[in-house]
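I have placed the structure first, in the form of structure tokens, so that the comments after it can refer back to it.
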Amino acid sequence: MSTAYPAMTGVSRFVAAGANLQSTLDAAQAGDEVVLAAGATFTGNFVLPVKSGSGWVVVRAQNVATAPGVRMTPTANAGAARIITPNANPAILTAPGAARWRLVGLDVAPTTGAGINFGLVVLGRGDEVTLAAQPSHIVLDRMYIHGTLIDDLKRCVAFNGASLAVIDSWLGECHGKGFDAQGVVGWNGPGPFLIENNRIEGSGQAVFFGGADPKIANLSPADITVRRNYLFKPLSWANGRWTIKATFELKHAKRLLFEGNVLENHWTDAQVGFAVLFQTVSDNNTSWPWTTVQDVTVRNNIIRNSTSGFNIAARMSVNGGVLPTNPTARVVIINNLLQNVGRDPISGQTGRIFQLLNDLTDVSVINNTATLGSNANTVLTMDDVGLHQTRLTFVNNVFPLTDYGIIGTGKGIGTASLNYFAPGSVVVGNVMPGQSAGPYPINNFFPTSASVIAFSSAGAGDFSLTSSNPFFSGLYGRIGIDFGSLSAMVAGTTP
6 MSTAYPAMTG VSRFVAAGAN LQSTLDAAQA GDEVVLAAGA TFTGNFVLPV
56 KSGSGWVVVR AQNVATAPGV RMTPTANAGA ARIITPNANP AILTAPGAAR
106 WRLVGLDVAP TTGAGINFGL VVLGRGDEVT LAAQPSHIVL DRMYIHGTLI
156 DDLKRCVAFN GASLAVIDSW LGECHGKGFD AQGVVGWNGP GPFLIENNRI
206 EGSGQAVFFG GADPKIANLS PADITVRRNY LFKPLSWANG RWTIKATFEL
256 KHAKRLLFEG NVLENHWTDA QVGFAVLFQT VSDNNTSWPW TTVQDVTVRN
306 NIIRNSTSGF NIAARMSVNG GVLPTNPTAR VVIINNLLQN VGRDPISGQT
356 GRIFQLLNDL TDVSVINNTA TLGSNANTVL TMDDVGLHQT RLTFVNNVFP
406 LTDYGIIGTG KGIGTASLNY FAPGSVVVGN VMPGQSAGPY PINNFFPTSA
456 SVIAFSSAGA GDFSLTSSNP FFSGLYGRIG IDFGSLSAMV AGTTP
């Protein structure tokens, strides 16, 4: 979707400190801009109303601290206008059917000490029963949207509409105790959605689609791009401070690209420590006929400092409800670096690089590299409930030393588990240090230790294999990551 800055054809409406912001939002016409005075604080629960015409309304800080395309930071945003909610309700909420609003350079937060807030910027409540009632064409641009150090915040941004974007922004301190809290979450909007060049801190999940069932029949969050974001969990959130689940999670999504992101710090807490979790789930047992996770591409990302890497489950029922009809399918995980993944950064317990569960279809894991200074638990763990995987491709990946390599519950190591849980799978060109070749398919590599795997420049973050490496190329070409492609995509993503 396009996030080009709209042409302003109307008037500029200046809102001074102490003025009535809501009345100005109500009065603005398509093509106008609403300019909030530098340093001013506007306290309340403000609604973006419906406007006639095809033009946009821009609501911006008087002096936007960063240029277009440059991520906002708390330091840069220090003098900007603030919108503060004094209660559990949103600071900014869309009216039913609101469209063509762009918010730029504002500081949005709850009042410190107010307790819990259920959503700071809510673009669609998620309970709309028609598409016409949903917001559309709304862009959050260079925003600083954040909780406090001490209060519960269920979500920083809710995406339940069409053509919604958050770009070049900082979403911080999105955390809660005893419940999921997200940086960006959506479940009842058709998309498209764009989440690009943001720093996002979410204790439950930084980015999450699905969860609550959509209220509109046959609606799926779809056409989603999550690109070049820094998805970060401060280590100070550990040891029970906030409830930790995944970093990037999907329960219901179609046609999603996850590219050029850096996910840093993830540990075992309310879940078992996978940074990325895909599982088809109808949480309220009302959308199971069409809920699914399908056509997902995960490429050129870095996962750093996490207990475990990827957990992909075909489908799950909730509280004895109906199992979703359409299992997770067509997931490609390619050219990702998993750096210091396989051991919990808090407790030190070993973790898993990949886990694939139940009747997945067309999952491809290709040219990924996982590194760890010690041993992880497994390269790949599999399990099912009598529903086996179809067309698994597990090719040209590099792994650290692991205790068990590839294993499925009750079926042993290597080929025995692959033949049972993923019959007909293609498992070729993988480097699995410390494992014995005998139990595995041919044309994989089993160095005696991880230390014999020569990376190009590990100290500089280049974990591609050297061309002189005996594992550089296999039956299907180059093994491990293409560092050039990866580094180009993640350049500038981290501070």
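The opening residue of the sequence shown carries number 6 in our numbering; numbering runs sequentially from there.
Positions of the beta carbon are idealized from the N, C-alpha and C atoms, including for glycine.
Problem - Beta bridge counterpart(s) of P115 as assigned by DSSP - result: Residue numbering aside, residue 115 sits at position 110 when the sequence shown is read from its first letter. T90.
Exercise for the section: Quick one: give me the first and last residue of the beta strand (DSSP E) that T386 is part of. Expected result: For the purposes of this step, residue 386 is taken as residue 381 along the sequence shown, with counting starting at 1. Residues 383 to 388.
Problem - For C179: DSSP bridge partner residues - result: Taking the first residue of the sequence shown as 1, we reach residue 179 at position 174. According to DSSP, C179 bridges with G207.
Exercise for the section: Please report how far the alpha carbon of G36 lies from the alpha carbon of S59, in whole angstroms. Expected result: Locating residue 36 in the sequence shown gives position 31, where the first residue counts as 1. Locating residue 59 in the sequence shown gives position 54, where the first residue counts as 1. One C-alpha to the other measures close to 8 Å.
Handout entry: Nearest neighbour of V286, chosen from T29, H271, H257 [CA to CA]
Key = Here residue 286 refers to the residue found at position 281 of the sequence shown. The residue with the shortest Cα to Cα distance from V286 is H257.
Problem - Residue interval of the beta strand (DSSP E) (run including M321) - result: As a working mapping, residue 321 is identified with position 316 in the sequence shown. Run containing M321: 313 to 321, per the beta strand (DSSP E) assignment.
Handout entry: First through last residue of the beta strand (DSSP E) which encompasses G188
Key = Counting from one through the sequence shown, the residue named residue 188 turns up at place 183. Run containing G188: 187 to 191, per the beta strand (DSSP E) assignment.
Handout entry: Beta-carbon contacts of N193 that lie in its chain and below 6 Å, excluding the five residues immediately before and after
Key = Walking along the sequence shown from the start, residue 193 turns up at place 188. Only G131, N165, P219, K220 meet the Cβ criterion.
Handout entry: Buried versus exposed, by CB contacts within 10 Å (16 or more), N68
Key = Reading the sequence shown from its first residue, position 63 is the one you call residue 68. By the neighbour-count rule (16 or more Cβ atoms within 10 Å), N68 is not buried but exposed.
Exercise for the section: Kindly indicate the opening and closing residues of the alpha helix (DSSP H) around T248. Expected result: Taking the sequence shown and counting its residues from 1, one reaches residue 248 at position 243. Here T248 belongs to no alpha helix (DSSP H), and DSSP marks it neither H nor E.
Handout entry: Per-residue DSSP class, three states only, for G15
Key = Residue numbering aside, residue 15 sits at position 10 when the sequence shown is read from its first letter. Note: G15 maps to coil in three-state DSSP.
Exercise for the section: May I ask which residues mark the beginning and end of the alpha helix (DSSP H) holding F488? Expected result: Working through the sequence shown from its first residue, we reach residue 488 at position 483. Element bounds for F488: 488 to 495.
Problem - Sub-8 Å separation of A381 and I358 beta-carbons - result: As a position in the sequence shown, residue 381 is number 376, starting the count at 1. As a position in the sequence shown, residue 358 is number 353, starting the count at 1. For A381 and I358, yes; Cβs fall inside 8 Å.
Handout entry: Residues that DSSP places opposite G417 in a beta bridge
Key = Position 412 of the sequence shown, counted from the start, is the residue given in the question as residue 417. Bridge partners of G417: G413.
Practice task
Could you tell me the distance, in whole angstroms, from the CA atom of L145 to the CA atom of P475?
Solution key: Taking the sequence shown and counting its residues from 1, one reaches residue 145 at position 140. Taking the sequence shown and counting its residues from 1, one reaches residue 475 at position 470. Using only the alpha carbons, I get a separation of about 49 Å.
Problem - From K159, T273, V134, residue whose alpha carbon lies closest to that of E206 - result: As a first step, residue 206 is located in the sequence shown; it is residue number 201 there, counting from the start. The shortest C-alpha separation from E206 is found at K159.
Problem - Pair within 8 Å by beta-carbon distance, A114 and R87 - result: Counting from 1 along the sequence shown, the entry for residue 114 is found at position 109. Counting from 1 along the sequence shown, the entry for residue 87 is found at position 82. The answer is yes: Cβ separation under 8 Å.
Handout entry: Own chain, CB closer than 6 Å to Q299, minus 5 neighbours either side, in chain order
Key = Your numbering for residue 299 matches position 294 in the sequence shown. These residues qualify, in order along the chain: K259, A334, R335.
Handout entry: Beta-carbon proximity list for A5, same chain, < 6 Å, skipping 5 on both sides
Key = Nothing can be reported for residue 5, as the shown portion of the chain is limited to 6 through 500.
Exercise for the section: Can you give me the Cβ contacts of A275 inside the same chain, cut-off strictly under 7 Å, excluding the 5 residues immediately before and after it? Expected result: What you label residue 275 is simply residue 270 of the sequence shown in a count that begins at 1. T248, I249, K250, listed in sequence order.
Practice task
Specify whether the region 106 to 125 and the region 80 to 95 touch according to this definition: at least 3 beta carbon pairs, one from each stretch, less than 8 Å apart.
Solution key: yes
Practice task
Could you check the C-alpha separation between A66 and S473 for me, to the nearest Å?
Solution key: As a working note, residue 66 is residue 61 in the sequence shown. As a working note, residue 473 is residue 468 in the sequence shown. Answer to the nearest angstrom: the Cα atoms are 55 Å apart.
Problem - Straight-line Cα distance separating T355 from G278 - result: Walking along the sequence shown from the start, residue 278 turns up at place 273. Walking along the sequence shown from the start, residue 355 turns up at place 350. Distance between the alpha carbons of G278 and T355: 10 Å.
Exercise for the section: Sort N50, Q139, L26, V281 by Cα distance to L255 and report the nearest one. Expected result: Looking up residue 255 in the sequence shown gives position 250. When each option's Cα is compared against that of L255, the closest is V281.
Practice task
Just the C-alpha distance for T297 and L199, rounded to the nearest angstrom, thanks.
Solution key: Walking along the sequence shown from the start, residue 297 turns up at place 292. Walking along the sequence shown from the start, residue 199 turns up at place 194. Using only the alpha carbons, I get a separation of about 20 Å.
Problem - Beta carbon of T407 nearer than 8 Å to that of V384 - result: On the sequence shown, position 402 is the one that residue 407 refers to. On the sequence shown, position 379 is the one that residue 384 refers to. For T407 and V384, yes; Cβs fall inside 8 Å.
Practice task
Starting from the Cα of M13, find the closest Cα among A21, R107, T29, G74 and give me that residue.
Solution key: Numbered from its first residue, the sequence shown carries residue 13 at position 8. M13 has its Cα closest to that of R107, out of A21, R107, T29, G74.
Handout entry: Coarse secondary structure for D31, derived from DSSP in three states
Key = One-based indexing of the sequence shown puts residue 31 at position 26. Three-state DSSP puts D31 in a helix.
Problem - As assigned by DSSP and simplified to three states, the class of A516 - result: As displayed, the chain neither begins before 6 nor continues past 500, which places residue 516 out of reach and without an answer.
Problem - Under the three-state DSSP convention, the category G501 falls into - result: With the chain running from 6 to 500 in the structure shown, residue 501 is simply not present.
Practice task
Measure the alpha-carbon distance for M494 versus E264 and round it to whole angstroms.
Solution key: What you label residue 494 is simply residue 489 of the sequence shown in a count that begins at 1. What you label residue 264 is simply residue 259 of the sequence shown in a count that begins at 1. Roughly 7 Å separates the two Cα atoms.
Problem - Span of the beta strand (DSSP E) around R130 - result: Residue 130 sits at position 125 when you count from the first residue of the sequence shown. Premise fails: R130 is in no beta strand (DSSP E) and is neither H nor E.
Problem - Among S174, L377, Y149, P195, nearest to A137 - alpha-carbon criterion - result: Mapped onto the sequence shown, residue 137 falls at position 132. Minimum Cα distance to A137 is reached at P195.
Practice task
Could you pull out every residue in the same chain whose Cβ sits closer than 8 Å to the Cβ of M437, ignoring the five residues on either side in sequence?
Solution key: Along the sequence shown, read from residue 1 onward, the residue named residue 437 stands at position 432. So the qualifying residues of the chain are V384, F404, T407, G410, I411, Y445, N449, F450, F451.
Practice task
Taking all protein chains shown into account, decide if G120 is buried (16 or more other Cβ within 10 angstroms of its Cβ) or exposed.
Solution key: Position 115 of the sequence shown, counted from the first residue, corresponds to residue 120. With fewer than 16 Cβ atoms within 10 Å of its Cβ, G120 is classed as exposed.
Practice task
Identify every residue that forms a DSSP beta bridge with N122.
Solution key: Against the sequence shown, residue 122 aligns to sequence position 117. Answer is L158.
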